[in-house]
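A.B. asks:
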Amino acid sequence: MNRQSRAINASWSDKIFDIVNCSFMTLAFVITLYPFLNVLAISLNDSMDTVKGGIYLWPRKWTWANYDAIFSFRGLITGFKISLLRTFVGTLLGLLSSSMLAFVLSRSDFQARKLVSTFLVMTMYVSGGLIPGFILIRHLGMMNSFWVYVLPGMVSAWNVFIIRSFIDGLPSALQESAKLDGANDFTIYWRVILPLCKPVLATVALFLAVGQWNSWFDTFLYNSTARHLTTLQYELMKVLQSTQIGSNDIHDPNMSQLMNRISPESVKMAITIVVTVPILIVYPFLQRYFVKGMTLGAVKS
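Under our numbering, think of the first position of the sequence shown as -16, with each following residue one higher.
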């Protein structure tokens, strides 16, 4: 009843705004969704038929051959396990380290907070570069090691500032009350601050998980010779290279025959779907925290 009365009493300017707003949102929805549906359609279409073009929203010749070709490569299952493990461990340790540092920087009684904050800001603008980073990792003895995926990226200045801004928005009386009840700093962090930071932690967790899941260049640099530590994205990159160089350079006759039936474009689209689906599955569970965490973190900074 209220909606009906509001609709009747709406002015012409309100109606025009609603029409323009709905049209714009519909257009944005179509523009956002179309590339993904196009990639999905090409990945499910016959490779030789895809070369002719004209695939938009629906496959012309359905086939699972592109996905069969991808999952026929050796090392893909191991790569999937390593990617899953690095995503879980990297996200968990990244959240713990970033939230701990953010909690310390949010404390007004921490005298070096400005110095540490300035140092963190400098890391956002100044980088040592690829070669110094490679030399550092090698001297630290982390070559051909799983921990090279996790330890170098544990603390991100951007994530620390987002969490610190969120903590700054919490009432300081909460920490004072806990301290009066006898809680130490770690208890305040673990039992008071962290439960209240669920929105911003979910947001940062999504950033970390997507970064860990999609990363492949560190595998190429540090673990390309350790086959038991290669990630899914690195293995998929090798699959794509194999389709591009042609079947003549593949020594396995079965794989060579398989490569003759697929095209690099179709494999590229199938790889895109394979690496995107896990993120699409996780995102709806974090979406309700994502907006709240980003908004509060941005306003208070």
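Yeah, the Cβ is synthetic: ideal placement off N, Cα and C, and Gly gets one too.
The model shown is predicted, which means the values in this text are computed figures rather than measured ones.
1. Checking 8 angstroms against the spacing of the C-beta atoms, do R210 and Y132 come in under that value?
2. Does the Cβ of Q216 have 16 or more other Cβ atoms within 10 Å, making it buried, or fewer, making it exposed?
3. Use the C-beta contact count for V282: other C-beta atoms within 10 angstroms, 16 or more gives buried, fewer gives exposed.
4. Do T214 and S66 have their beta-carbon atoms positioned less than 8 angstroms apart in this structure?
5. Please report the straight-line C-alpha distance between S284 and L84, rounded to a whole angstrom.
6. Return yes when the Cβ of L263 is within less than 8 angstroms of the Cβ of I53, no when it is not.
7. Hey, could you find the ends of the alpha helix (DSSP H) P115 is sitting in?
8. Counting C-beta neighbours from all protein chains within 10 Å, is the total for Q270 16 or more, i.e. buried, or is it exposed?
9. So I245 packs on S30, CB below 8 angstroms; how close in whole Å?
10. Report the rounded CA-to-CA distance for R147 versus V265, giving the unit in angstroms.
11. Could you give the first and the last residue of the continuous alpha helix (DSSP H) run that contains V3?
12. Are there three or more Cβ pairs, one per stretch, closer than 8 angstroms when the segment 78 to 98 is compared with the segment 141 to 157?
13. Per DSSP, what kind of secondary structure is W45 in: helix, strand or coil?
14. Give the straight-line distance between the Cα atoms of V187 and L78, rounded to the nearest whole angstrom.
15. Classify T213 as helix, strand or coil using the three-state DSSP reduction.
16. Please classify G62 as buried or exposed, where buried requires at least 16 neighbouring CB atoms within 10 angstroms.
17. Confirm, please, whether the CB-CB distance from T74 to L177 is below 8 angstroms.
18. According to DSSP, is S292 helix, strand or coil?
19. Using only the alpha-carbon positions, how far apart do S294 and G194 sit?
20. If you drop the 5 nearest sequence neighbours on each side, which residues of the same chain put their C-beta closer than 8 angstroms to that of A24?
21. If I measure Cβ to Cβ from M8 and keep anything under 8 angstroms in the same chain, skipping five residues before and after, which residues do I get?
22. Could you tell me how far apart the beta carbons of F249 and T33 are, in whole angstroms, since I believe they sit closer than 8 angstroms?
23. Which one of L59, S26, K35, P115 has the shortest CA to CA distance from W45?
24. Just the C-alpha distance for W(-5) and V3, rounded to the nearest angstrom, thanks.
25. Does P154 pass the burial test, meaning 16 or more other C-beta atoms within 10 Å, or should it be called exposed?
26. Rounded to the nearest angstrom, what separates G36 and V257 at their Cα positions?
27. Give, in chain order, every unbroken run of the alpha helix (DSSP H) that is at least 4 residues long and sits entirely within the segment 129 to 177.
28. Between E158 and V183, is the Cβ-Cβ spacing less than 8 angstroms?
29. Determine the burial state of Y172: buried for a count of at least 16 other Cβ atoms within 10 Å of its Cβ, exposed for fewer.
30. Give the DSSP-derived three-state secondary structure of T208 in the structure shown.
31. Between L204 and F117, how many whole angstroms is the CB-CB distance? I'm expecting something under 8 angstroms.
32. Identify the continuous alpha helix (DSSP H) that holds K181 and give its terminal residues.
C.D. replies: This is what the structure gives:
1. Position 227 of the sequence shown holds residue 210. Position 149 of the sequence shown holds residue 132. No, these two residues do not count as a Cβ contact at 8 angstroms.
2. Against the sequence shown, residue 216 aligns to sequence position 233. The residue in question, Q216, is buried, as its Cβ has 16 or more Cβ neighbours within 10 Å.
3. Counting from 1 along the sequence shown, the entry for residue 282 is found at position 299. Per-residue confidence for V282 stands at a pLDDT of 49, beneath the threshold of 50, marking its modelled position as unreliable; no derived number is given.
4. Here residue 66 refers to the residue found at position 83 of the sequence shown. Here residue 214 refers to the residue found at position 231 of the sequence shown. Yes. Within cutoff.
5. The residue labelled residue 284 in the question sits at position 301 within the sequence shown. The residue labelled residue 84 in the question sits at position 101 within the sequence shown. Caution applies to S284, whose pLDDT of 44 falls short of 50 and renders its modelled position unreliable; the value that the coordinates give is listed next. Going from the Cα of S284 to the Cα of L84 covers about 16 angstroms.
6. Looking up residue 53 in the sequence shown gives position 70. Looking up residue 263 in the sequence shown gives position 280. Going by C-beta atoms, I53 is not nearer than 8 angstroms to L263.
7. Along the sequence shown, read from residue 1 onward, the residue named residue 115 stands at position 132. Per DSSP, P115 belongs to the alpha helix (DSSP H) from 113 to 122.
8. The residue labelled residue 270 in the question sits at position 287 within the sequence shown. Looking at its Cβ environment, which holds fewer than 16 other Cβ atoms inside 10 Å, Q270 is exposed.
9. On the sequence shown, residue 245 is found 262 positions in, with the first residue counted as 1. On the sequence shown, residue 30 is found 47 positions in, with the first residue counted as 1. Confirmed, Cβ separation roughly 4 angstroms.
10. As a first step, residue 147 must be located in the sequence shown, where it is residue number 164. As a first step, residue 265 must be located in the sequence shown, where it is residue number 282. Answer to the nearest angstrom: the Cα atoms are 25 angstroms apart.
11. Here residue 3 corresponds to residue number 20 of the sequence shown, with the count starting at 1. V3 -> alpha helix (DSSP H) spans -5 to 26.
12. yes
13. Walking along the sequence shown from the start, residue 45 turns up at place 62. Here W45 sits in strand by DSSP.
14. Residue mapping note: residue 187 aligns to position 204 of the sequence shown, counting from 1. Residue mapping note: residue 78 aligns to position 95 of the sequence shown, counting from 1. Those two C-alpha atoms are separated by around 7 angstroms.
15. Start at 1 with the first residue of the sequence shown, and residue 213 comes out as number 230. In the structure shown, T213 sits in coil (DSSP, three-state: anything other than H, G, I, E or B).
16. Counting from 1 along the sequence shown, the entry for residue 62 is found at position 79. Buried.
17. Here residue 177 is taken as the residue at index 194 of the sequence shown, counted from 1. Here residue 74 is taken as the residue at index 91 of the sequence shown, counted from 1. No. Outside cutoff.
18. It is not possible to answer for residue 292, since the shown part of the chain is limited to -16 through 284.
19. Because the chain in this structure spans residues -16 to 284, residue 294 falls outside the shown range and cannot be described.
20. Taking the sequence shown and counting its residues from 1, one reaches residue 24 at position 41. Excluding sequence neighbours, A24 sits near I38, Y39, L40, W41, P42.
21. Counting from one through the sequence shown, the residue named residue 8 turns up at place 25. No residues qualify anywhere along the chain.
22. In the sequence shown, counting from the first residue as 1, residue 249 sits at position 266. In the sequence shown, counting from the first residue as 1, residue 33 sits at position 50. Note that residue 249 is Ser in the sequence shown, not Phe. About 5 angstroms; that satisfies the 8 angstroms criterion.
23. Along the sequence shown, one-based indexing puts residue 45 at 62. Residue S26 is the option with its Cα nearest to W45.
24. Taking the first residue of the sequence shown as position 1, residue -5 is located at position 12. Taking the first residue of the sequence shown as position 1, residue 3 is located at position 20. C-alpha separation (whole angstroms): 12 angstroms.
25. What you label residue 154 is simply residue 171 of the sequence shown in a count that begins at 1. Answer is exposed; the Cβ neighbour count stays below 16.
26. On the sequence shown, position 53 is the one that residue 36 refers to. On the sequence shown, position 274 is the one that residue 257 refers to. Cα-Cα distance, rounded: 22 angstroms.
27. 140 to 151, 155 to 163
28. Translated into positions along the sequence shown, residue 158 becomes position 175. Translated into positions along the sequence shown, residue 183 becomes position 200. Checking the sequence shown, residue 158 turns out to be Gln, not Glu. Cβ atoms of Q158 and V183: not closer than 8 angstroms.
29. Sequence index remark: in the sequence shown, residue 172 carries index 189 (1-based). So Y172 counts as buried.
30. What you label residue 208 is simply residue 225 of the sequence shown in a count that begins at 1. T208: coil per DSSP, three-state reduction.
31. Here residue 204 refers to the residue found at position 221 of the sequence shown. Here residue 117 refers to the residue found at position 134 of the sequence shown. Confirmed, about 6 angstroms.
32. Residue numbering aside, residue 181 sits at position 198 when the sequence shown is read from its first letter. Element bounds for K181: 181 to 197.
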